[in-house]
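Asker: The numbering used here puts the sequence shown at residues 1 to 397.
From the three backbone atoms N, C-alpha and C, an ideal C-beta is built for every residue, glycine too.
All figures in this text were calculated on a predicted structure; none of them were measured in a lab.
Can you read through this structure? Questions will come right after.
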Amino acid sequence: MDAIYKNIKGDRLIWAIVALLAIFSFLPVYSSSSNLAYTASSGSTFSFFVKHFMHLFLGFAIMYGVHRVPYRYFRGLSMVMMPIVLILLVMTMFQGNTIEGANASRWIQIPIVGMSFQTSTFAAVVLMVYVARYLSKIQDRDISFTESILPLWMPVFLVLILILPANFSTAAIMFSMVMVLTFIGGYPVRYLVVIIGTGVLVLGLFVLTAKAFPEVMPNRIDTWMSRIENFSNGEDTEADYQIEKAKIAIATGEITGLGPGKSVQKNFLPQSSSDFIFAIIVEEYGLIGGLVILVVYCWLLFRIVIIAQKSDTVFGKLVVLGVGLPIVFQAFINMAVAVELFPVTGQTLPLISSGGTSIWMTCMAIGIILSVSAKREELKEQEEGLDNPLEILSEAI
């Protein structure tokens, strides 16, 4: 145990936050999986508990392995992985599988282990590292808009266009996060306005094309439009059914909750262990439990900003914000959907909701953040070492 602890580098508070969320996640996942256990399997929830444990175990292994890699290597890796990401997304479009009745083909099957993998989540991490690399590269240069189209915006729009047909919410979040990162990275605002306008135009053309040829993407555009329309006018649909049950769960929880495992609405919410797990948390642990979860994610956001601010390189600052902000943003969206402040998106609650790909990619992103903070600790130790007179003498010799 001591050997493992000595090999753990990076921000200790990030490790503590991730461990806290992961340990807590067993309670709501185990509780809310009872509905799936009786509808999709033999009625035993223990298999879902073991599955979630294995997802978290592999996620922590990924996080540990990634955080041991010097973060400067991620610059080159993002260049290598971008073509691979595009190939995986194309494969997903044509060969993707549906999971738990979802209309969108978002997953591909891993041949050897027989597990499903959501390529868009992996693409999001790679894309943010790639954008951070480019922004750090042009930091001290004045570039024209046309100069950045091919190396920056072409890969961004290719990834988003390949994700958009099956997963509008993920594509929208990725586009928003790229805009935020490029703004923070000092990319000219006048160019960003052009990109936003282009994005809206492309989305409009895509919707019109899908409406004109509905056999190409059956049900997807109608699903997006109905979710947005129902959010604004209050019509009763399946999505509204989920929202209503989520609000009943939250109202039932009151201040202190019904207690662990005593949720009632988990039997009615179709995605109680993933998309609407926050509602189950509030029902069982009350407003206090919900606020604690919110504070923990805000704490994570605070540590991400601190690590970015203390990084010794521009790439380090941008890559921490690039892979860290989407985690917290996704958590806020998940909670906002549960209380009907946002239309239904299908986004999970990071590190708490069940689902292998979401956990693994979140852990990969946090591993990158820890790698940057580990480098900062290493430089700090070197500086402290040089303050020692004997160390200064040895350096001079």
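Report yes if the CB atom of Tyr71 is closer than 8 Å to the CB atom of Ile307, and no otherwise.
Answerer: Taking 8 Å as the Cβ cut-off, Tyr71 and Ile307 do not qualify as a contacting pair.
Asker: Consult DSSP for Phe117 and reduce its assignment to one of helix, strand or coil.
Answerer: Phe117 falls in the strand class under three-state DSSP.
Asker: Determine the contact status of Ile359 and Leu127, defining contact as a CB-CB distance below 8 Å.
Answerer: No, these two residues do not count as a Cβ contact at 8 Å.
Asker: Hey, Glu254 and Leu291 are a contact pair by Cβ (cut 8 Å); roughly how many whole angstroms apart?
Answerer: Incorrect: roughly 13 Å between the Cβ atoms, too far for contact.
Asker: Flag this pair as touching only if the stretch 345-356 and the stretch 317-335 have three or more C-beta atom pairs under 8 Å; answer yes or no.
Answerer: The stretch 345-356 is in contact with the stretch 317-335.
Asker: Please go through the same chain and pick out, in chain order, the residues whose beta-carbon is closer than 7 Å to the beta-carbon of Thr357, but skip the five residues on each side of it.
Answerer: Phe117, Gln118, Thr121.
Asker: In this structure, what does DSSP give as the bridge partners for Ile108?
Answerer: Beta-bridge pairing links Ile108 to Phe117.
Asker: DSSP three-state label for Gln309, please.
Answerer: Gln309 falls in the helix class under three-state DSSP.
Asker: Since Gly355 and Ser169 should fall inside the 8 Å C-beta cutoff, what is the C-beta to C-beta distance between them, to a whole number of angstroms?
Answerer: That belief does not hold up - the Cβ atoms of Gly355 and Ser169 are roughly 15 Å apart, past 8 Å.
Asker: So, for Ala279: in the same chain, excluding its five sequence neighbours on each side, which residues have a beta-carbon less than 6 Å away from its beta-carbon?
Answerer: Closer than 6 Å at Cβ, skipping near neighbours: Ala246, Ala249, Ile250, Ala338.
Asker: Closer than 8 Å by C-beta to Tyr409: which residues in its own chain qualify, once you throw out the five before and the five after it? Chain order, please.
Answerer: One cannot answer for residue 409 here, as it falls past the ends of the chain, which runs 1 to 397.
Asker: Identify, in the order they occur along the chain, each residue of the same chain with its Cβ nearer than 7 Å to the Cβ of Phe145, setting aside the five sequence neighbours on each side.
Answerer: For Phe145, where only same-chain residues beyond five positions count, the Cβ hits under 7 Å are Tyr191, Val194.
Asker: Would the beta-carbon of Met364 fall within 8 Å of that of Met63?
Answerer: Contact: yes.
Asker: So, helix, strand or coil for Asn167, using DSSP?
Answerer: Asn167: coil per DSSP, three-state reduction.
Asker: Our contact map puts Phe74 next to Val319 with C-beta atoms below 8 Å; I'd like the distance itself, whole angstroms only.
Answerer: Sure, about 6 Å apart at Cβ, within 8 Å.
Asker: Alpha carbon to alpha carbon, what distance is there between Ile184 and Gln309?
Answerer: The alpha-carbon atoms of Gln309 and Ile184 are separated by roughly 12 Å.
Asker: Drop a sphere of 10 angstroms on the beta-carbon of Lys6, count the other beta-carbons inside from all chains shown, and report buried for 16 or more, exposed for fewer.
Answerer: Looking at its Cβ environment, which holds fewer than 16 other Cβ atoms inside 10 Å, Lys6 is exposed.
Asker: If you count every other CB in all the chains shown that lies within 10 Å of the CB of Phe94, and 16 or more means buried, which is it?
Answerer: Phe94 comes out exposed.
Asker: Report back the beta-carbon spacing between Leu205 and Leu158 to the nearest angstrom; my notes put them in contact at under 8 Å.
Answerer: Wrong, their Cβ atoms sit about 16 Å apart, outside the cutoff.
Asker: Thinking C-alpha only, which one of Tyr134, Met81, Leu160 is nearest Gly316?
Answerer: Among Tyr134, Met81, Leu160, the Cα nearest to that of Gly316 is on Tyr134.
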